[in-house]
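Last residue of the sequence shown: 785 in the numbering used here, with the numbers rising by one and none dropped.
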Amino acid sequence: MVVNLLEVKNLKTYFFTGKKVLPAVDSVNFTIHKGETVALVGESGCGKSITSLSIIQLVPQPGGKIVEGEIIFDGVDLTKLSEKALCQIRGKEISMIFQEPMTSLNPVLTVGEQIIEVLVYHQKMDRKAARKKAAELLELVGFPRAESVLDEYPHRLSGGMRQRVMIAMAVSCQPKLLIADEPTTALDVTIQAQILELLKDLTKKLDMSILLITHDLGVVSEMAERVIVMYAGQVVEEAPIEALLNYPLHPYTDGLIQSVPGISGHTERLASIPGNVPTPDRYPSGCRFAPRCKKAFDRCFKEAPELTDHGDQRRVRCFLYEMGDDTP
Numbered sequence: 458m459v460v461n462l463l464e465v466k467n468l469k470t471y472f473f474t475g476k477k478v479l480p481a482v483d484s485v486n487f488t489i490h491k492g493e494t495v496a497l498v499g500e501s502g503c504g505k506s507i508t509s510l511s512i513i514q515l516v517p518q519p520g521g522k523i524v525e526g527e528i529i530f531d532g533v534d535l536t537k538l539s540e541k542a543l544c545q546i547r548g549k550e551i552s553m554i555f556q557e558p559m560t561s562l563n564p565v566l567t568v569g570e571q572i573i574e575v576l577v578y579h580q581k582m583d584r585k586a587a588r589k590k591a592a593e594l595l596e597l598v599g600f601p602r603a604e605s606v607l608d609e610y611p612h613r614l615s616g617g618m619r620q621r622v623m624i625a626m627a628v629s630c631q632p633k634l635l636i637a638d639e640p641t642t643a644l645d646v647t648i649q650a651q652i653l654e655l656l657k658d659l660t661k662k663l664d665m666s667i668l669l670i671t672h673d674l675g676v677v678s679e680m681a682e683r684v685i686v687m688y689a690g691q692v693v694e695e696a697p698i699e700a701l702l703n704y705p706l707h708p709y710t711d712g713l714i715q716s717v718p719g720i721s722g723h724t725e726r727l728a729s730i731p732g733n734v735p736t737p738d739r740y741p742s743g744c745r746f747a748p749r750c751k752k753a754f755d756r757c758f759k760e761a762p763e764l765t766d767h768g769d770q771r772r773v774r775c776f777l778y779e780m781g782d783d784t785p
């Protein structure tokens, strides 16, 4: 039986700067089931990270605000909770791995002190028990000398090791949902593979759901069961991973897939999507992807398409499918 762990309903997160209103996340809807890994993909500036920060109620200040919508986690609407109640959920039931571990870890505290702090706060452990648990967590994420690593400072560790420390902290309370925001950015290919394998292993061991934020479709194909594609603050397509990679519906999704180099290495020139993602203050009228879309026609520049069901757990935001055209 499929059970929803997270339901994001009509989420709108805007930034207010002077007289401008910037709709960074605009009417986003999706669900994550218990034990499922879902990828949120798109180019930089599409609203992926702001969506994830909205879920844990850490929208950047000043100026950022959730103006509408519900974020229902395990039956509770997080937008209705007090800051005190949210602090009991963040780090315990929902954890997050941020993009750059060097800036996420405190440089003046040892690795052990930072993990122990989480365990003392959320698990109410004494420091001796918390230190023992911290060593076990470091072993869980692949450190052979866990006890000695506890006394190291972050700058003494490599990028891959720091990312493992962040993962150890994130799973220390066995969260129901782990949000991983570009967890392999700035890591070399070998370390990327190790981190992804570690996350897959932990998902099974801890019966944990993952929301994976990435622009890398190679990472998506390794990790996700379902993919949500975002463009200019909106969801433009959603599908199971195999269906999306083999038969993308939205022209934007197709463009992303075409821009990934094939394993054969015979491609002389990679495909690219012309132009750039518009900033929230310059969203075009009509379909937001229309100025970059090779299949756009008059209606695309005048009307905004709705996100509609397309069968087999698929949704797409495109007028082509109202016309009976099944090719992106």
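Ideal Cβ placement from N, Cα and C applies to all residues, glycine included.
Run through the DSSP bridge pairs and tell me what residue i is partnered with.
| i | result |
| --- | --- |
| E694 | V686, V773 |
| T671 | V498 |
| E464 | T488, I529 |
Thinking residue i and residue j are a contact (beta carbons under 8 Å), I'd like their distance in whole angstroms, please.
| i | j | result |
| --- | --- | --- |
| H490 | L462 | 6 Å |
| I685 | F487 | 5 Å |
| T536 | E550 | Going by Cβ atoms, the distance from T536 to E550 rounds to 16 Å, so no, they are not a contact pair. |
| P737 | P480 | 5 Å |
| A603 | E596 | 5 Å |
| L644 | G617 | 6 Å |
| S552 | A627 | 4 Å |
| P748 | P741 | 6 Å |
| F776 | R745 | Going by Cβ atoms, the distance from F776 to R745 rounds to 13 Å, so no, they are not a contact pair. |
| K466 | D531 | About 15 Å separates the two Cβ atoms, so there is no contact after all. |
| M623 | I513 | Not confirmed; about 15 Å, so no contact. |
| I529 | E464 | 4 Å |
Among the residues of its own chain, which have a CB less than 8 Å from the CB of residue i, if the five just before and after it don't count?
| i | result |
| --- | --- |
| M687 | V485, L497, V498, G499, C503, G504, K505, T508, V693 |
| R621 | L595, V598, G599, F600, I652, L655 |
| K751 | P708 |
| R584 | I573, V577 |
| C544 | none |
| K522 | T470, Y471, F472, F473, V516 |
| G675 | V717 |
Please classify residue i: is it buried, with 16 or more other beta-carbons within 10 angstroms of its beta-carbon, or exposed?
| i | result |
| --- | --- |
| R683 | buried |
| I494 | In the sequence as presented, Ile is not what sits at residue 494; that position holds Thr. Buried, by the Cβ-count rule. |
| R726 | exposed |
| F754 | exposed |
| A728 | exposed |
| P611 | buried |
| E679 | buried |
| E699 | exposed |
| L635 | buried |
| R774 | buried |
| P718 | exposed |
| M458 | exposed |
| V478 | exposed |
| A591 | buried |
| P519 | exposed |
| R619 | buried |
| A542 | exposed |
Spatial neighbours of residue i within its chain, please: CB distance less than 7 Å, with the 5 preceding and 5 following residues excluded, ordered by chain position.
| i | result |
| --- | --- |
| D664 | G492 |
| V482 | L468, K469, T470, G504, I507, T508, S511, G690 |
| Q556 | D638, E639, T642 |
| G548 | V575, H579, C630 |
| N563 | Q571 |
| L702 | S678, I714 |
| E609 | T567, V568 |
| A681 | T494, V495, A496, L669, I698 |
| D534 | E527, I528 |
Using a Cβ-Cβ cutoff of less than 6 Å, which residues in the same chain neighbour residue i once the five nearest sequence positions on both sides are dropped?
| i | result |
| --- | --- |
| R772 | E695, L764, D766 |
| K759 | G743 |
| G712 | I730 |
Please go through the region 737–774 and give each complete alpha helix (DSSP H) segment of 4 or more residues, from N-terminal end onward. 755–759
Starting from the N-terminal side, write out each stretch of the beta strand (DSSP E) that is 3 residues or longer and does not extend beyond the region 466–528. 477–490, 494–498
Every unbroken alpha helix (DSSP H) within the region 589–672, with a cutoff of 4 residues, ordered by chain: 603–606, 616–627, 646–663
Pick out the complete beta strand (DSSP E) segments inside the region 527–581, 3 residues or longer, and give them in chain order. 551–554
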